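Take the sequence shown: its letter number 18 is residue 18 in UniProt numbering, and every next letter is one higher.
For reference, the structure discussed in these notes is given below.
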Amino acid sequence: GPAPAVDLRRERALSSSLRSLIGKGLVRSAHDLSDGGLAIALLESSLAGPEIRGAELSLPVSMAAEDLLFGESQGRVLITVSSEDLPAVEEECARREIEILRIGRITGSSLRLEQGGQRLEVELAELERLWKGALSEILRPDAEFR
């Protein structure tokens, strides 16, 4: 289908807000969702630092899980914020008319997703092993393609 329309006013407000929040030290991490969606952003963010950091998420039931997790629409960013800084972030976003959705918190070493009673939990160490080993597995001399 056709690519979704880009709202330049909204994009500018989002990028201005992010720069402001980052400049004030209120954002611990930020990851654009337009390449791989929320699922890839969560995985990359969880594995990016010196130690694996998991997350516990409660996804709204108003959208299909595959759209929430893999949708690559523009103007969406996953950010992490401390509990103490959340009110200031909410205030900044409200002032610029940016919708925010609090979906979870950082936890131990797994990704836990819940939506409408459905639950999924995956250990990040296993995902990291699969992700980092994927290319070497594909390039194995005896690899079979189907």
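Glycine is no exception: its CB is placed at the ideal position from the N, C-alpha and C atoms.
In this text, all values refer to a predicted model and were calculated from it rather than measured experimentally.
Task: For S110: DSSP bridge partner residues - done: On the sequence shown, residue 110 is found 110 positions in, with the first residue counted as 1. Per DSSP, E123.
Open item on the list: Quick check on the DSSP output: the beta strand (DSSP E) that includes V77 runs from which residue to which?
Closed with: Start at 1 with the first residue of the sequence shown, and residue 77 comes out as number 77. It spans 77-80 - the beta strand (DSSP E) in which V77 sits, taken as one unbroken run.
Open item on the list: Under 8 Å: do the segment 127-145 and the segment 82-98 share three or more Cβ pairs, one atom per stretch?
Closed with: In short, these stretches do not touch, since the Cβ pair count stays below three.
Task: Segment contact, 8 Å Cβ cut-off, at least three pairs: the segment 7-15 with the segment 38-45 - done: Not touching, per the Cβ criterion.
- [ ] Report the option in L69, L26, R140, S58 whose CA atom is closest to the CA atom of E84.
- [x] Against the sequence shown, residue 84 aligns to sequence position 84. Comparing alpha-carbon positions, the option among L69, L26, R140, S58 lying closest to E84 turns out to be L26.
Open item on the list: Between the segment 70-81 and the segment 115-133, can you find at least three pairs of beta-carbon atoms closer than 8 Å?
Closed with: The segment 115-133 vs the segment 70-81: no contact.
Open item on the list: In this structure, how does DSSP classify S46 when only helix, strand and coil are distinguished?
Closed with: On the sequence shown, position 46 is the one that residue 46 refers to. Helix.
Task: Counted within 10 angstroms of its Cβ, other Cβ atoms place V6 as buried (16 or more) or exposed - done: Residue 6 sits at position 6 when you count from the first residue of the sequence shown. Counting Cβ neighbours within 10 Å, V6 comes out exposed, since fewer than 16 surround it.
Open item on the list: Rounded to the nearest angstrom, what separates I22 and A30 at their Cα positions?
Closed with: To locate residue 22, count along the sequence shown from 1; it is residue 22. To locate residue 30, count along the sequence shown from 1; it is residue 30. The straight-line gap from Cα to Cα measures roughly 9 Å.
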